[in-house]
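Residue numbers (my numbering): 15 to 461.
Idealized CB from N, CA, C, for every residue including glycine.
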Amino acid sequence: MKKIFLLFLIFTSLSLASNESYFLTHPSLSPNADKIVFSFEGDIWRMDIDGSNAVRLTAMDGRETDPVYSPDGKWIAFTGRQEGNANVYFMSANGGEIKQLTYHDSHDKMENWSWDSKEVYFTSGRYNDVSAYSVSVTGGTPKRFFEPFFNWPHNFVKHPSKNEYFFNETWESQGYASRKRYKGDFNPDIKSYNTDTKEFKQYTKYDGKDLWPTLDEKGNIYFASDEANGEYNLYTFVNDKKTALTSFSTSILKPRVSVNGEKIVFEKDYQIYVYDVVSKKSEKIKTTLFSNNTLKLHKEFNVSGKISAFDVSPDNKKIAFVSRGELFVSDIKGKFVRHIKTNPVERVLEVNWLKDNKTLLITRTHKGWENIFTILADGSKKEIQRTKEKRNNRRISLNKDKTKALFNSGRDELKIIDLKDFESKTIVKDEFWALRPDKSYFSPDDK
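This is the structure:
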């Protein structure tokens, strides 16, 4: 009986613990420190300072990170990967329309806001190296900081009352911040440059890591350092002396102070902590987040009247058809229908059976162009791309024994593809059709 009761307690504890969310990253505080915005499951979320009322603000393609409140509290800017590479976006702090601020094939990472909330600061590799930039929230061309200098300014933040910009500038704080206990001349320090006085200043000289500077509206500086015990802890300057504020045995990450200077938020042990500047105490923020299922495992399709292409298998037992860009296989009477999964962001247009009664020859889009693929009719393997052209390959027509197929390539080539090795060659090259050409056909004797 005791063993059963003990097991009950263990399972109960595990159940309760699992309700607490982990892997909350990149936290930032609202100006008056009453809300936290952060990244979770690749989206931007917002919650109250006590962990309650958590809501998802974004649901973009890709991953959104580095959210930061504007000093006036009206906006949230963040790093988004809507098209694969990172760019800077912003939105209302209450959610709503998302606007893109940077457009570059390099990696643009959100850092901080200007104190008047009119510009955002970000870092980018657009000159083949990491540099700091600003861009207006109204749009326009980004401006590069420290144009004459060939350094790597990042973790970038401006002083509230003068044109002094704080940053790190080594790869140890850019790409290897997670590498612990390495010490040497290449480790980061807290540095600044004043664009008015042209004064360069180094605030720390420890041969370990001092990184992630953050400033409140009074100019108080906070940052992380591993000087005390080899783990990142929170530090500040008291009478110009570097002073530890926490003594955790596990590292904190990316501290950010609220504009009013009351609280500092940071990551620790895959959760969010808040340090109270007045009480000098840290508290873990407990919250429970609910995942949204953006794609159900089972979907219903109404294909009535919407079948755009179909073909009957050579053994007359199966039908393959296309509806709304999706591929399906059915028995001849339509009693059993299976959805054959293809790339979910592309659409299928044509389908033909090959002579083995197992393989389908389809056309589907690929990066904007229609190309030819094969896929097993039981859906057991992913489709295989057979043509790779930046022009439309379509209007497939097979010969009688299904060993070869004709197709149009663009609007000026007729090609034939061998259905054994899937090698294709051009047999006619002339602009003899318009944008929507008809099929070409083999003669009944295939000659």
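Taking the alpha carbon of residue i as the point to measure from, which residue in the options has its own alpha carbon closest?
| i | options | result |
| --- | --- | --- |
| Gly94 | Glu125, Arg193, Ile235 | Glu125 |
| Phe160 | Ile63, Ala146, Ser35 | Ala146 |
| Thr155 | Val102, Asp199, Asp415 | Val102 |
| Ser337 | Ile299, Arg378, Lys369, Gly76 | Arg378 |
| Thr440 | Asn407, Asp452, Glu55, Pro458 | Asn407 |
| Val292 | Gly275, Leu375, Phe324 | Gly275 |
| Asn182 | Val144, Phe251, Arg158 | Val144 |
| Val151 | Met105, Thr137, Ile286, Ile278 | Met105 |
| Val134 | Ile90, Gln96, Asn142, Pro167 | Ile90 |
| Thr137 | Pro167, Asp392, Ser131 | Pro167 |
| Thr264 | Tyr284, Ala391, Ile112, Leu368 | Tyr284 |
| Phe54 | Glu34, Thr79, Glu397 | Thr79 |
Could you tell me the alpha carbon to alpha carbon distance between residue i and residue j, rounded to whole angstroms?
| i | j | result |
| --- | --- | --- |
| Glu245 | Asn234 | 23 angstroms |
| Asn169 | Thr356 | 42 angstroms |
| Asp210 | Lys176 | 9 angstroms |
| Val326 | Phe335 | 9 angstroms |
| Arg409 | Gly98 | 32 angstroms |
| Lys123 | Ile333 | 50 angstroms |
| Lys414 | Ser423 | 22 angstroms |
| Thr260 | Val359 | 48 angstroms |
| Val442 | Ile431 | 13 angstroms |
| Lys268 | Glu281 | 7 angstroms |
| Ser344 | Gly56 | 37 angstroms |
| Leu341 | Lys416 | 21 angstroms |
| Val351 | Leu375 | 18 angstroms |
| Arg77 | Asp444 | 46 angstroms |
| Ala242 | Lys395 | 54 angstroms |
| Phe262 | Val288 | 13 angstroms |
| Thr388 | Thr373 | 7 angstroms |
| Ile322 | Asp460 | Here residue 322 turns out to be Ser, not Ile, going by the sequence shown. So the two alpha carbons sit approximately 27 angstroms from each other. |
| Phe19 | Leu303 | Caution applies to Phe19, whose pLDDT of 44 falls short of 50 and renders its modelled position unreliable; the model cannot decide the point. |
| Arg193 | His40 | 18 angstroms |
| Val365 | Asp75 | 29 angstroms |
| Ile299 | Ser131 | 27 angstroms |
| Ser296 | Arg60 | 20 angstroms |
| Asp240 | Phe92 | 27 angstroms |
Can you list, in chain order, the residues of its chain whose CB lies under 8 angstroms from that of residue i, leaving out five sequence neighbours each side?
| i | result |
| --- | --- |
| Gly14 | Outside the shown range of the chain (15 to 461) lies residue 14, about which nothing can therefore be said. |
| Tyr487 | Here the chain has residues from 15 to 461 only, and residue 487 is not among them. |
| Ser66 | Thr301 |
| Lys320 | Ser337, Arg338 |
Is the beta carbon of residue i sitting closer than 8 angstroms to the one on residue j?
| i | j | result |
| --- | --- | --- |
| Lys256 | Thr218 | yes |
| Asn46 | Ser272 | yes |
| Phe52 | Pro85 | no |
| Leu225 | Ala191 | yes |
| Leu433 | Lys418 | yes |
| Ser44 | Gly110 | no |
| Ala238 | Leu229 | no |
| Ser457 | Thr401 | no |
| Trp383 | Lys404 | yes |
| Ser128 | Lys172 | yes |
| Ile58 | Lys49 | no |
| Tyr83 | Ser148 | no |
| Tyr236 | Tyr207 | no |
| Asn371 | Asp329 | yes |
| Ile286 | Leu38 | yes |
| Lys331 | Ile346 | yes |
Please return the same chain residues whose Cβ sits closer than 7 angstroms to the Cβ of residue i, not counting the five positions on each side in sequence.
| i | result |
| --- | --- |
| Asn201 | Thr184, Glu186, Asp221, Gly222, Lys223 |
| Arg361 | Gly339, Arg378, Thr379 |
| Arg140 | His118, Ser120 |
| Gly393 | Arg352, Ile354, Lys355 |
| Tyr36 | Tyr284, Gln285 |
| Thr250 | Asn234, Ile235, Tyr236, Thr257, Leu259 |
Excluding the 5 residues preceding and the 5 following residue i in the sequence, name in chain order all residues of the same chain whose CB lies nearer than 6 angstroms to its CB.
| i | result |
| --- | --- |
| Gln216 | Asp203, Lys205 |
| Lys453 | Arg409, Ser411 |
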